[in-house]
Structures are given as C-alpha cells and as structure tokens.
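Chains as they are written, first to last, in our numbering: chain A, 2 to 165; chain B, 328 to 429; chain C, -2 to 700.
No residue lacks a Cβ here, since even glycine has one placed at the ideal position from N, Cα and C.
Notes for the one structure printed next.
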C-alpha cells in the first residue's frame, strides 16, 4: 500500500514537473507547479515528516505559488501573445537537453551505486515536539538568523518592488 | 522491490534535472523562478529522505524547514526584482537582458 | 453560587471594560455621543456583577480565605514553568466594588463634563482600558499579573493625564508621571525577580507558605526585608509616596473626572493595595521603613496643601497625604484600618474631586458666557459664595470634607481613628514616637486646609463676576456626587459611629497571618492561639488575635480623644482665619514668611530634582560631549594630520613607480580580457549552464 502511494506521488511529482518546464503557456506551468508541490508534500508524509509536509503546503502553495501567480499576472499581458513563454533558440534547447540528460543519468547512477548507511528512523507520534526542541536548543542561532533573514527579505522586497 | 532510500533519491534526481532544464531553457524570468523552486524541492526531498533512512533523524527535517524558509525569502525578493525589471525593460525575458555584458 | 461561578463572574467583570475599550476604539467614531452611554452601560453591568460577587464571597464563603484559579501560562519543560491566575479574597471583593462603582459614577459624570470635547469617544475608550487594568490588579493572585496590569494602569494613566495633549503642560505632566513611575517600578521588578529566583513561582500563597516554612531569599532575613522594600518601591511610585510624590499634583492636568477616578480613588490606591497584598511577607524592618515613608509623606503633603490656591492642587496634595496615612497604617500593622481607609478615602476623595469638577465645569460655562478666556477657573481666589449658587455640590462637598477631616459620624473618622490608634499602639510597643507625632500633626493640618478650601471657595460673597454667574448643572453631575457623599456616612461600615472594630468591615478584613518567622518579625504581630471572647457578640468563637490588636483596643480612646481635639482645633483655626477673619491670613503668611514660601512652592521638590538629577545628567552629558569633541576629536585630527603628511610622500611614489607596474599588468590583462570577451554573453542562463558543466566536470574528476 505504501509502495503504491509512493509510486502515485512520484508519478504526480515528475509528471506535473514536466508540464511545468515543457508547457508553452505560463499559466499552465504555474498551475501544474501546484500539483508538484502537493506531490512533494505527499512524499514528505510517506517519509514521516508531517510537520515539513504541512509547512510545504502552507508556505509553498499558500505563499510562494500565490506570489508567482501574482508575478505572472503583473508582468504578462493576458490578452497578448506574451502568455506563451517562449524558449530560447533551437541550438540552446538541444545543448540544454544534452546537458540535463547527462546530469540526470550521472546523478541516478551515483545514487544507485553508493552503499548508503541504512539506519532506520525511530518514529515518534508527531515530529512537531522534537522539531520545536531542535529549533529552541540546537538550532537556536540559525533559527534566529532565519527570522532576521525573513525580515530583511520582506523589507528588501518592498523596497525593490516599490514604484520610483 | 520495496520502496527505500534509492527510489526517493531517483525521484529527487529527476525533479532536479527538470528544474535545471526549466532554468536554462525558458525565456521568462518567472519560469526560471519556477525551475528554481523545483530544484529546491528536489534538495528538500533528499533531506527528508535521509532524515528517515540515513540516520539524520530530526536534523534532516530541520534542514528541510530552513530550506523552505530560504525559498520563501528568495521568492519574495526575486519577484520584487522581476517586477522592477519589468518596469525598466517592459518585458522579463532573461535572454534579452544582457546589460551585465557591458 | 459556587466558587467556579464566582471566578468566572469576576473574570467577566474585568473583561467587560476591555471589550468596551476595543469596541469604542474601532467603532467609536461612528457612534459619536452614543459611545459614552455604551461605556457607562458596560461599567454598570460590571458594577452589578461585582456587587453580586462581593456579596456572595463575603457572606457565603466567609470561611474560605481565598478562592483562586491557577493555570500554566508558559511551560518550557525542565521544571521551568510560569503559572498565572486570578483569585478573590475579601479585600479583592471589596476593591471590586470600589473600582467598578467609582468608575461607573465617573463614566456617568463625564457624560456631562466631557460633552463638548472632540475626543469624547476616545476618552471613554481610555476609561474602559483603565477600568480593565485596575480590575486586573485587584484580581491578580500572582506578581506577574500584578506587574503586567500595574504597567497597564500606568499607560492608561499616561494617556488620560495627557488627554489634552495640545496643551504643553498636560503632555509634560503625562510624561513626568510615566517617568517618575518608572523609577519605582524598577525597584518593584527587582523585588519580583528576587522572589521568583528564590521560590520559582509568582503565586502569592505559594511564596507566603514557603516563607513560613523557613525558606528565605539567599538564606538571609535581610534579603527578605530588602525584597519587601523593593516591592514597596512600586507602591512609592504608584501611590505617590515621598520622595516620588511629585508627579501626582501635575497629573491634575487631566480631565477632572479622571483625576477623581485614577489619581484619587483607585490607581493611586493600587500601591496601598499592593502593600496589603504582600503584607504577610513583610519583615519588621520592612514594615518600619514603610511606616516611616507613609508618615513622612502624610506630613509633608499636608504642609504643602495648606497654601495652594489651585482647587485641584489642594485636593491632590490632600490625596498624597491620605495615601501616606494608608501606607503608614499598613506599615505599623493596623491592617484592617489601613485598608478601610483606602475604601473610605476612595468614596470621599472621589466625591471631593467630582464636586470640584462640578465647580470647575460651572466656572467654565460661566466664563464662556461672559466671553472670558483668561481667568483661571481652578483658582479658589476666583470663587467664593458658591454655597448659594450650587447648593447640592456644596452639601456633598461639605460632607466629604467633614469625612476627610475625621469628624465623628463619618466613615473617615472610623478609618483614620483606627490608623492613629494603630500608630499610638505601635509607638508604645516599639518606641517610634515620631510616627504618631507626624500622623496627628497631619490630621490637624488636613482638617485645617480642607475647611480653608471649603470656606474660600463656597462661603462668603462671590469674589469675581464669574463666580456669581455659576449655577448647578444637570443630573449626570449631581447623581454621582449624592451617591458618593452618602457612602461617606459611618453606617455603611459599622453600627457604632465611634468604633469600627465590631463592624462587618473589620470582620471581613482581618489582620492576615504573617508568614515571617519570629526572628525577623515584631513579636506582637505574631498570631497567638489564645482563645478570647469575641467582643460583645452573643456567641463566643475562637479568635486568633495578636498582641498588637489588644494594644490597639487599649489605645483606642486616647487616640480618639486626641484626634478629635486636633481635628477640632484645625477646623476652629480655619474658621477663625477665613470665615470670621479674626486672624488675618496675610499677616500670618507674612509672619511665617519662609515657611509660607516653602510650602507655597511645594518645598522646592521639583526644583531640587531639576537641579540634581536632571541637571546632573544633562551636565554629565555635556562633560562627555566636551570630552568627545575636544579630546577624542583632537586625537583623531592629529592622527589624520600625520597621515596626510605621510600620504603626500607616498602619493608621489605611488604615481610614478607603482602605477607604472600596475598599468603594465592592466594592459596585459586587458589584452587577454579582449581575447576571452566573447564568452561573456551577459545572459544569466549561459552562466548557469557553464557553472553546471563545470560542477559536473569537477564531480567526475574527483570521484
């Protein structure tokens, strides 16, 4: 059952990601990105990372995707031809395909050939407790820095996007 | 064959490659951003998979959360930059924005 | 009514005004005048609920000391958790009625007094915020809540003092009140931290039981004393005790009903309430300090009040003086009388302030009718003869004056007499005779200056045209006056007009058992378990009394005779000087020129603070600035001069020798750069592809 779910989610992720990068219509891309994020969240659930999955849904789908769609709407003339987001020229397309296929093959070979340490994860009922403890103890400084970073990003984004 | 670490890594590798493909082939800056998100998600799958199978335990998930935080910040700033570019160039095709050349 | 219902209802009492505040802040603009009625109605509901709560607490749960609820607020594991909660005991129940009733009456009063103000709705919102915070102080059963609400009343007081912020004096008075309070609050916070550090909890009852089981901060009784005095620092600030009393008279810049509510009856009494709350943990030395602070405050403030000419300033100094009384009463251990004085003082001082508000309002109306915008409506020398113009105001003011002067048949007599008897008993047992001396002197002066105020403002002929044009205003102003004046009659506290000790009040508010061990406490304050017959009542009950209470009983009649004599003298003197003019006030002032000037200028407290603390810090800042400007900058300038000299030489060397080399290298680089320039397309995507290819090359090379 779990295996079946894994293959389902993997299919959703890869399929919709292909649509994202291959589709000519930028709105289609944006909406299939939604399914990619959902699929990834599903994979997190299968990996016992409930909190990460929730955060994925809330931040990616609730935040980033909405931002991206806003970006699309603000920079594209819906009625015009611009909505077809063209690719770069033919030559580049072929080079890129070759490069990417090489990358994919080498990565997959690498991943399958390495003998990974297989250490099973002791599964608590919920990970929120332990994540909270980790943030408040071991990762306190990175956590605070992340908070400052978000603030800076917020201010910076507002400043940059402001009309002169 | 039951699903293990390798399968997750393969999914993440394919997702990563697709992301890279998106980044280098598309003209539209927002499409480039979407490709970037795919790459980040691929990295995140690795983190969480290692958290379960590789003995990283909760640390892997914490790293994944930091990546999500970074992605949020990045998306906000990047879209702000895209809007700014749009105001200056009236388009956001990255291959035509070659001012860096000069 | 069960205990849970009582707790729920009391939470509702406190939260209702907060609701009103939020509602009026967000929707007030649209409501206009109606917002005043909404605020008043909300306080009315709170008042009814608190009467219900207080009645059932005092009558149905008389044997349960404290009904309380605690819950975890912050729990960080590792045995570090912070609990908060609310609790109701008899003094909290009585305070609930005091706060809600006065707040309600002030709401009612303001409907007329503030009617023409542009910020009418915001005024009512602030009043709601204040009521909420004050009720929070009353209901808190831990130091943490106490401190939080303590600061909240501070901020609402700041907002209301500076309510007319267009006036510089009002804005400055608000700032002054806030800053002066900070000084006291610092001590309070340190005291709380000592307590939390030692006992790991903020709950009063847990701290008290730990103290009685012998746990002391840093294992020393003097640290407990220090903690007690530090916590009392909060009361010094909030209750305007010497030497931080300077903010209260300035706070009279706020609207008069606010002065009645916050700066006379409730908020300034919060300090006294705090001392009453922590009474069981105060050691003998801490109590002694508190008693001295109270006595000095009562005495000094009374001397200042004698010569002031601003109607509200007189009342303000009288408030400071009476607060000193309460603190002194608690300090000498006359707990019941001290707390009772808080309650009775709240009624008659609110009555005095609201009556002064009525007078000032009438003066204002009369001034605007006469097109006079320059006279001071608060100066008592502009008044006179108001007795005939405003009879109801006059009568209520007179009743309150009699009460504050301590004439029998009034509430003020009962409580004041109890405190004075307490000081006498204390002096008898410990030898601190200075405390009763200052107490009795202040009592005499109180009677004198209150009657001086009454006679100058209300008796005789009108001194100005404004005063002769005043008239009583409407019912919103008069009803609160009548209610408050009625509450200043003895019958509400004790059936016996000259002795409160058998009334319900003293039964409901008994002396709390001290938790401090005998080593650090007066032995006469330790409860001994002898059975004595409880007064004249028909049934005998176990009564755990202290030696101090018996001493008070034996001193009672002496204190009563003395205080009657002194108050009578004060009143007689006031009539001689101001009514019958047997003695000429100006001649007296000339005769005691120095004393008069000192008192008139408030013993130069503000000037002294200006000269020492404020000018001191400004001076220090100037010295530092001088140091910065001349010495540091001098060194910097010198070093820059030297550097410039060197750089002049080096510059030439640079231009000729080094630049030659650099240009050579640059030319070579430029040649190569032109060669590889083609690779730089400027397109981001090309760079990415190259970067990835590079990465993978590295990847394969290394593995």
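- DSSP, reduced to helix, strand and coil, places residue 426(C) within a helical segment of the structure shown.
- Along the segment 685 to 697 of chain C, the positions whose C-beta sits under 8 Å from a C-beta of chain A are 686, 689, 690, 693, 696, 697, read in chain order.
- Using a Cβ-Cβ cut-off of 8 Å, residue 355(C) does not count as an interface residue toward chain B, since no Cβ of chain B sits closer than that to its own.
- Between residue 353(C) and residue 253(C) a beta carbon distance of about 6 Å is seen, short of the 8 Å cut, so the two are scored as contacting.
- Taking 8 Å as the cut-off, the Cβ atoms of residue 356(B) and residue 419(B) count as close.
- For residue 268(C), DSSP records no beta bridge to any residue.
- Residue-level contact check: residue 366(B) does not touch chain A, since none of the beta carbons of chain A fall below 8 Å from its beta carbon.
- Setting aside the 5 residues that flank it on each side, residue 385(B) is surrounded in the same chain by 378, each with a C-beta closer than 8 Å to its C-beta; the list follows chain order.
- Within the same chain, 144 come within 7 Å of residue 136(A) by CB-CB distance, once the 5 residues on both sides are set aside.
- Per DSSP, the unbroken beta strand (DSSP E) holding residue 82(C) starts and ends at 78 to 86.
- Of all residues in the segment 332 to 344 of chain B, none comes within less than 7 Å of chain C when Cβ atoms are compared.
- Linking residue 51(C) to residue 64(C) through their CA atoms gives a straight-line distance of about 12 Å.
- When Cβ-Cβ separations below 8 Å define contact, residue 393(B) makes contact with chain A.
- The three-state secondary structure of residue 30(C), taken from DSSP, is coil.
- For residue 70(C), the three-state secondary structure derived from DSSP is strand.
- Cβ-Cβ distances below 6 Å link residue 552(C) to 418, 421, 422 in the same chain, with the five nearest sequence neighbours on each side left out; the list follows chain order.
- DSSP places residue 358(C) inside the alpha helix (DSSP H), whose first and last residues are 332 to 366.
- For residue 501(C), the uninterrupted alpha helix (DSSP H) run begins and ends at 501 to 505, by DSSP.
- Between residue 155(A) and the set 354(B), 413(B), 400(B), the nearest pair of CA atoms involves 400(B).
- Residues 225 of the same chain have their beta carbon placed closer than 6 Å to that of residue 279(C), with the five preceding and five following residues left out of the count.
- For residue 6(C), same chain residues with a beta-carbon under 6 Å away, outside a window of 5 residues either side, are 46, 50 in chain order.
- For the 8 Å CB-CB criterion, residue 366(B) and residue 343(B) form a contact.
- Contact between residue 494(C) and residue 585(C) is ruled out by a C-beta separation of about 34 Å, above the 8 Å threshold.
- For residue 330(B), not one C-beta of chain C is nearer than 8 Å to its own C-beta.
- Comparing alpha carbon positions, the residue from 196(C), 157(C), 243(C) closest to residue 140(C) is 196(C).
- Between the C-alpha atoms of residue 668(C) and residue 655(C) there is a straight-line separation of about 20 Å.
- DSSP, reduced to helix, strand and coil, places residue 94(C) within a helical segment of the structure shown.
- Residue state for residue 307(C) is assigned as strand, using DSSP reduced to three classes.
- Put simply, of 355(C), 684(C), 265(C), 247(C) the residue whose alpha carbon is nearest the alpha carbon of residue 168(C) is 247(C).
- Looking from the CA of residue 385(C), the closest CA among 378(C), 466(C), 158(C) belongs to 466(C).
- If you draw a 10 Å sphere on the C-beta of residue 149(A), you find fewer than 16 other C-beta atoms in it, and that means exposed.
- Beta-bridge pairing by DSSP links residue 65(C) to 84(C).
- Here residue 486(C) is bridged, per DSSP, to 407(C).
- The Cβ-Cβ distance between residue 448(C) and residue 568(C) falls below 8 Å.
- Residues of chain C whose Cβ lies closer than 8 Å to the Cβ of residue 357(B) do not exist, since the nearest Cβ in that chain is about 14 Å away.
- For residue 265(C), same chain residues with a beta-carbon under 8 Å away, outside a window of 5 residues either side, are 235, 236, 237, 245, 259, 316, 320 in chain order.
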